[in-house]
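This note's numbering applies: residue 8 is where the sequence shown begins, and numbers increase by one.
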Amino acid sequence: MAAIINSSPQPAILEEELEVEATSETMRGARILCEALIREGVDTIFGYPGGAVLHIYDELLKTQDRIKHVLARHEQGAVHMAEGYAKATGKPGVALVTSGPGATNSVTGIANAFMDSTPLVVITGQVPSLLIGNDAFQEVDTVGITRPCTKYNYLLKDVRDLAEIVREAFHIASTGRPGPVVIDIPKDITAQTAPFTYPDHLDLPGYRPDSYGPIEQVKRAVSKICEATRPILYVGGGVIHSNGSEELLELAERLNLPVTPTLMGLGCFPAGHTLCLGMLGMHGTYAANMAISESDVIVAIGVRFDDRVTGALEKFAPQAEIVHVDVAPSSISKNVRAHFPIVGDARSVIRQMLDLLPRDTEEPSRARLAPWWEQIRDWQVYAPLTYKNSDEIIMPQFLCEELYRLTGGEAIIATDVGQHQMWLAQYYPFKGPRQSLTSGGLGTMGFGFPAALGAQIAFPRRQVVAFVGDGGFQMTAQELATAVQYRTNIKIVIMNNNYLGMVRQWQELFYDRAYSSVNMEWLPDFVKLAEAYGATGLRATRPSQLGSVLERGLATPGVVVMDILVSEEENVYPMVPAGAGLKEMVLG
């Protein structure tokens, strides 16, 4: 007790601590951490042990009936699993890694979560407090390294602050624009003891994200939308984060608005709906890109006008006034000027809009927008998504269509980054939110399989598929051991074109087919690789085999790897070249 008294210069705080100690159980830091995680509703942690976190792992062994620990085979895989868990559930994912290389190996996943606004709490071990700054064994400045790619981070200095910091971390990670929070805990802190109390509420004066938009601004936006003759809803991941899909559907139907989602927004609006134009942007549909280019009012909700969506900024939607709804003030007018900026949570602001709409909006909207919809239907007929199928070789687009047919469109699907990601976005019409798990902002190869594994662990009874390329899968294929160890039912579909496909496509189109370091000249036998890990391996090499292989693979219990050999030099179209506007897309 003397150490606690001497460490605090404020008598009022001393009295409070004495009272707390008298009524609270004293625990070592590692147990305080576990108890705090339980209070936050954490049921699963993805991690990899090491020296700096041994006290924590000792406590996890004692709480395994309440917290399941999933042992990854690499720290990057652990964080991607936590991302998949978070994207699929809407709850913050939790990862636990050791100091030094454990922390640095996790940075790619942390940066990926930061770019895609995924709520994570990443707990990193650190060398003992007295050794910090001494270049101790496995010491890195984790706080400094992760500062640019976290929403917030902490270096714990006092075991008595641990419970409150955990409470803050989960609050920050999951509110406002979600994101990753890092808690860096020196090893000695996890061994020290303190009374355990968990705060009922938080007071963070500098952090109070807005939920509802300013009502006068929302009124002005609604008035503008109701006057527009060529409006369009441009929607993204913010709608999914806010659980606003039902409100979005109601808004679109009441106003008869065309809807185009971003890659991160796939599923926030049902792809099969007559109002949906498909994804926009670099590999978006012709109708979506033309509609947003010719619109007079863009209603942008939960998006950030990313360069992959806008193309050349000076050519983007030159005739449009923009209503921009986003929970992060820094995203408003960052890339494209908003005429009606509204800071607020997507779901809350859409509900405000709905409450302001006159009851009889549907028929007047249909009449007012009839010419606009006639033009949109002409664009859809002129250049629909299409490809030339083959009886000799499996086309990637056909693979996506068959996967949709056999899953009924009900699967959770996680992708890596590249051609397969774009084809799935085009040819797998997602029905609802949290079905599409992908890496958008950072574009991280190796994300798909561990993310799917995190989702499968969260929902063991759901159909979960990792749809990956032959390049990206090899970056995190070691997580097959994790998938088998925890008896998951995950299915891995490898779109194998023997190339780093998207890079090859760019080299074909813009570098005169100078294929530099993109041919995967030596690939493992993925069927044998699966079997080596104790999984089932299947392969399809011809279109006549595809349906039966997918059907068998999806129906086989346990972990299944399906190696699907597809056309090597098929390209993703439409495509907007770098520096071009959306109307300058190449149709193929």
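Here a beta-carbon is modelled for each residue, glycine too, at the ideal position from N, C-alpha and C.
Practice task
Give the range of the alpha helix (DSSP H) segment to which Arg431 is assigned.
Solution key: Position 424 of the sequence shown, counted from the first residue, corresponds to residue 431. A quick correction: the sequence has Leu, not Arg, at residue 431. Start and end: 426 to 434.
Exercise for the section: Check Tyr506 in the structure and name its three-state DSSP category. Expected result: Start at 1 with the first residue of the sequence shown, and residue 506 comes out as number 499. Correct three-state label for Tyr506: strand.
Exercise for the section: Jot down the residue ranges of each uninterrupted beta strand (DSSP E) in the stretch 471 to 530, minimum 3 residues, whole runs only, in chain order. Expected result: For secondary structure counted as the beta strand (DSSP E) over 3 or more consecutive residues, the stretch 471 to 530 holds these complete runs in sequence order: 471 to 476, 498 to 503.
Exercise for the section: Please list, in chain order, all residues of the same chain as Tyr435 whose beta carbon is under 6 Å from its beta carbon, the five residues on each side excluded. Expected result: Within the sequence shown, the letter at position 428 stands for residue 435. Closer than 6 Å at Cβ, skipping near neighbours: Cys407, Tyr411.
Exercise for the section: Would you check if the stretch 503 to 510 and the stretch 475 to 492 touch, i.e. whether three or more CB-CB distances between them fall below 8 Å? Expected result: yes
Practice task
Could you work out which residue in Leu320, Gly279, Glu171 is closest to Leu209 when comparing CA atoms only?
Solution key: Position 202 of the sequence shown, counted from the first residue, corresponds to residue 209. Measuring from the Cα of Leu209, the nearest candidate turns out to be Glu171.
Exercise for the section: Kindly identify the DSSP beta-bridge partner or partners of Leu376. Expected result: Against the sequence shown, residue 376 aligns to sequence position 369. In the DSSP output, where bridge partners are listed per residue, Leu376 has none listed.
Exercise for the section: Tell whether a beta-carbon distance below 9 Å holds between Asn296 and Val583. Expected result: Counting from one through the sequence shown, the residue named residue 296 turns up at place 289. Counting from one through the sequence shown, the residue named residue 583 turns up at place 576. In contact: Asn296 and Val583 (Cβ atoms closer than 9 Å).
Problem - Coarse secondary structure for Ser249, derived from DSSP in three states - result: Taking the sequence shown and counting its residues from 1, the one referred to as residue 249 is at position 242. Of the three classes helix, strand and coil, the one that applies to Ser249 here is coil, per DSSP.
Exercise for the section: Look up Asn396 in the DSSP assignment and say whether it is helix, strand or coil. Expected result: Here residue 396 corresponds to residue number 389 of the sequence shown, with the count starting at 1. It is coil, neither helix nor strand.
Problem - Ala29 in three-state terms, based on DSSP - result: By 1-based counting over the sequence shown, the position of residue 29 is 22. Below a pLDDT of 50, predicted positions are generally treated as unreliable, and Ala29, at 34, falls in that range; no measurement from the model is reported.
Handout entry: When Thr115, Leu545, Pro531, Glu528 are compared against Val500, the one with the closest alpha-carbon
Key = For the purposes of this step, residue 500 is identified with residue 493 of the sequence shown, where counting begins at 1. Answer by Cα proximity: Leu545.
Exercise for the section: Using three-state DSSP, classify Ile420 as helix, strand or coil. Expected result: As a position in the sequence shown, residue 420 is number 413, starting the count at 1. In the structure shown, Ile420 sits in a strand (DSSP, three-state: E or B).
Handout entry: Member of Val471, Pro467, Thr393 whose CA lies at the smallest distance from the CA of Gly415
Key = The residue you call residue 415 lines up with position 408 of the sequence shown. Of the listed residues, the one whose Cα sits closest to Gly415 is Val471.
Practice task
Would you mind sorting Ser181 into buried or exposed? The rule is 16 or more other CB atoms within 10 Å of its CB.
Solution key: Residue mapping note: residue 181 aligns to position 174 of the sequence shown, counting from 1. Note on Ser181: 16 or more other CB atoms within 10 angstroms of its CB, so buried under the neighbour-count rule.
Exercise for the section: Give a yes or no on contact between the stretch 437 to 451 and the stretch 87 to 102, applying the rule of three or more CB pairs nearer than 8 Å. Expected result: Taking a cut-off of 8 Å on C-beta distances, the stretch 437 to 451 touches the stretch 87 to 102, as three or more cross pairs fall below it.
Problem - Arg354 (DSSP reduced to helix, strand or coil) - result: Within the sequence shown, numbered from 1, the residue matching residue 354 stands at position 347. Note: Arg354 maps to helix in three-state DSSP.
Exercise for the section: Verify whether the separation of the beta carbon atoms of Ser338 and Asn119 is less than 9 Å. Expected result: Counting from one through the sequence shown, the residue named residue 338 turns up at place 331. Counting from one through the sequence shown, the residue named residue 119 turns up at place 112. Cβ atoms of Ser338 and Asn119: not closer than 9 Å.
Exercise for the section: Mind reading off the beta-carbon distance from Gly1 to Val424? Whole number of angstroms is fine, and I expect it under 8 Å. Expected result: This structure cannot settle anything about residue 1, because the visible part of the chain is limited to 8 through 595.
Handout entry: Arg88 - DSSP class collapsed to helix/strand/coil
Key = For the purposes of this step, residue 88 is taken as the residue at position 81 of the sequence shown. In the sequence as displayed, the identity of residue 88 is Met instead of Arg. It is helical.
Problem - Opening and closing residue of the alpha helix (DSSP H) in which Arg546 lies - result: Within the sequence shown, residue 546 is the residue found at index 539, counting from 1. Segment 543 to 547 is the beta strand (DSSP E) holding Arg546; no alpha helix (DSSP H) there.
Practice task
Would you kindly check if the distance between the Cβ of Leu67 and the Cβ of Thr197 is under 9 Å?
Solution key: Position 190 of the sequence shown, counting from 1, holds the residue named residue 197. Position 60 of the sequence shown, counting from 1, holds the residue named residue 67. Not closer than 9 Å, so no.
Problem - N-terminal and C-terminal residue of the alpha helix (DSSP H) that Phe454 is part of - result: For the purposes of this step, residue 454 is identified with residue 447 of the sequence shown, where counting begins at 1. That residue, Phe454, is in no alpha helix (DSSP H); it is neither H nor E in DSSP.
Exercise for the section: With distances taken Cα to Cα, identify the nearest neighbour of Glu90 among Ala539, Trp430, Arg38, Val128. Expected result: Here residue 90 is taken as the residue at index 83 of the sequence shown, counted from 1. Nearest of Ala539, Trp430, Arg38, Val128 to Glu90, Cα basis: Val128.
Practice task
Starting from Ile172, trace the alpha helix (DSSP H) both ways and give me its first and last residue.
Solution key: In the sequence shown, residue 172 corresponds to position 165, counting from 1. For Ile172, the enclosing alpha helix (DSSP H) starts and ends at 169 to 181.
Practice task
Please determine, among Ser574, Cys283, Ile349, His178, the residue with the shortest C-alpha to C-alpha distance to Gln512.
Solution key: Here residue 512 refers to the residue found at position 505 when the sequence shown is read from its first residue. Cα-wise, what sits closest to Gln512 is Ser574.
Practice task
Would you mind stating whether Gly318 and Met286 have Cβ atoms separated by less than 9 Å?
Solution key: What you label residue 318 is simply residue 311 of the sequence shown in a count that begins at 1. What you label residue 286 is simply residue 279 of the sequence shown in a count that begins at 1. The answer is no: Cβ separation not under 9 Å.
Exercise for the section: Leaving out five residues on either side along the sequence, give the residues of the same chain with a beta carbon under 6 Å from the beta carbon of His87. Expected result: Your numbering for residue 87 matches position 80 in the sequence shown. Gly116, Phe454, Pro457, Ala458.
Problem - Environment of Arg1 [buried if 16+ CB atoms lie within 10 Å] - result: Nothing about residue 1 can be read from this structure; the chain reaches only from 8 to 595.
Problem - Chain-order list of residues whose beta-carbon lies under 7 Å from that of Ala29 (same chain, five-residue window excluded) - result: Reading the sequence shown from its first residue, position 22 is the one you call residue 29. Because the pLDDT of Ala29 is 34, which lies under 50, any placement of that residue in the model is unreliable, and the question is left without a value.
Practice task
Kindly indicate the opening and closing residues of the beta strand (DSSP E) around Gln133.
Solution key: Within the sequence shown, the letter at position 126 stands for residue 133. Residues 127 to 133.
Handout entry: Nearest-angstrom Cβ-Cβ length linking Ser106 and Glu82, presumed shorter than 8 Å
Key = The residue labelled residue 106 in the question sits at position 99 within the sequence shown. The residue labelled residue 82 in the question sits at position 75 within the sequence shown. Contact flag wrong, Cβ pair sits at about 11 Å.
Practice task
List in chain order: all unbroken alpha helix (DSSP H) runs of 4+ residues lying wholly within the stretch 235 to 281.
Solution key: 244 to 248, 252 to 262
Problem - Beta-carbon proximity list for Glu576, same chain, < 6 Å, skipping 5 on both sides - result: Numbered from 1 along the sequence shown, position 569 holds the residue referred to as residue 576. The beta carbon of Glu576 lies closer than 6 Å to none in the same chain, with the five residues before and after it left out.
Exercise for the section: Mark Ile222 as exposed unless 16 or more other C-beta atoms lie within 10 angstroms of its C-beta, in which case mark it buried. Expected result: In the sequence shown, counting from the first residue as 1, residue 222 sits at position 215. Answer is exposed; the Cβ neighbour count stays below 16.
Exercise for the section: Tell whether a beta-carbon distance below 9 Å holds between Val330 and Lys194. Expected result: For the purposes of this step, residue 330 is taken as the residue at position 323 of the sequence shown. For the purposes of this step, residue 194 is taken as the residue at position 187 of the sequence shown. Taking 9 Å as the Cβ cut-off, Val330 and Lys194 do not qualify as a contacting pair.
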